[in-house]
Each structure stands twice: as structure tokens, then as C-alpha cells.
Amino acid sequence: PENRAALMWLLDNLIDDRRLAEAHQWMEKLVCMDNTFRVPMYRYLIAQAAGEKEEAAACLIELESMEDQEWCWAVTLGDIYTLRQDYDKAIAWYRKGQELQPSPKYTDSATSIAHIYEILGNAPKAIEAYQEQLRLLREEWGIVRGEELDEVERAIRSLQ
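This is how it looks when you write it as C-alpha cells:
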């Protein structure tokens, strides 16, 4: 009950299992220990799972307005918009998260953008995103050889 990460995992599982009444109860514990974007994020997820579209939309608007959050706030919005198949917004939020992130920057946003462009059938843009992933691996992490690079290079070759 006092471990935020464990509480978030519990909420994730309760929402996935559609045990939404219990999720609401545990959500109140999160509210007491966390004053970040995670609160409206979980409210959004619960409302979305319950089919409460107006409540979910209100939570999403609140979540988008929380500018002074840690960088993963923007990436979380990218994930939400990906699930909603609103790919233009998802890409914009992933890019914002990448921009806000301190060094060394993770490659997740670039990878997500590449996957979205693959879904959309836009190979040139997917390749650009994969090339950004390669740049991050090399420049931010100092990775110059190995499976991590090879995997991205294979993805690029498969799109050419």
C-alpha cells in the first residue's frame, strides 16, 4: 500500500481484468501519495475501460495540460494516442517526450515512431525514425556494435 510502483502495477492489472470498482478504491491510495500525471492517467484508463467516454475525454484533457511534469508524461500521452490510433498526435507526443528527456536519452520514442510509420505504410519516415534510434544508441549510449544496432539496421534494410 505504501509502494507507488507496486500500486501502479496493481492498478494496471485490475484495469486489465476489468475489476474497475477495486481499481477505483486503489486509485484513492494513489491520489494520496502521487501528485503527478499518473493520477489523471489512471483515471483516464479506468474511465476508458468502463466505457465512460466523456469522463475519459475530460481526464485526457487534464493530462495534456500538465506541462510541468517529468518527460515520461509526454511519452505516456504518445502511448495513449497510439492505442487510440490517433497516430499524428502520438508521434507529436513521442517527439516531445524525446525532446524533454535528459541525456542519455532512451530510444523508445524513436522506436515507437518507427513502428507507427510502418503501420501507416510510410517506409521513408519509418527509416528516418530508425536512423534516429541508431543515432541515439551511438551518441547517447556509446553503442557502436552489437545486436542492438544490428536489429535496427535489419529493420531499416527490410524497409528499403
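Just so we're aligned, residue 1 is where the sequence shown starts under the working numbering, counting upward by one. The C-beta atom is built at its ideal place from N, Cα and C for all residues, glycine as well.
*Just reading off the alpha helix (DSSP H) that Pro40 is part of, what are its end residues?*
38–50
*State the CB to CB distance for the pair Ile91 and Ile113, rounded to an integer number of angstroms; the pair is presumed to be in contact (CB under 8 Å).*
About 5 Å separates the two Cβ atoms, so the contact holds.
*Go ahead and pull the three-state DSSP assignment for Leu11.*
helix
*Of the residues Glu99, Glu70, Ser109, Pro102, the one placed nearest Tyr87, counting alpha carbons only*: Ser109
*Are there 16 or more other CB atoms within 10 angstroms of the CB of Gln133, so buried, or fewer, so exposed?*
buried
*Three-state secondary structure assigned by DSSP to Glu132*: In the structure shown, Glu132 falls within a helical segment according to DSSP collapsed to helix, strand and coil.
*So what's Ser161 in DSSP terms, helix, strand or just coil?*
This structure does not reach residue 161, given that the chain is present from 1 up to 160, and the question cannot be answered.
*Are Leu30 and Glu22 close, meaning C-beta to C-beta below 8 Å?*
no
*asked:* Taking the beta carbon of Cys59 as the centre, do at least 16 other beta carbons fall within 10 Å, making it buried, or is it exposed?
replied: buried
*asked:* Less than 8 Å between the beta carbons of Tyr81 and Trp73, yes or no?
replied: no
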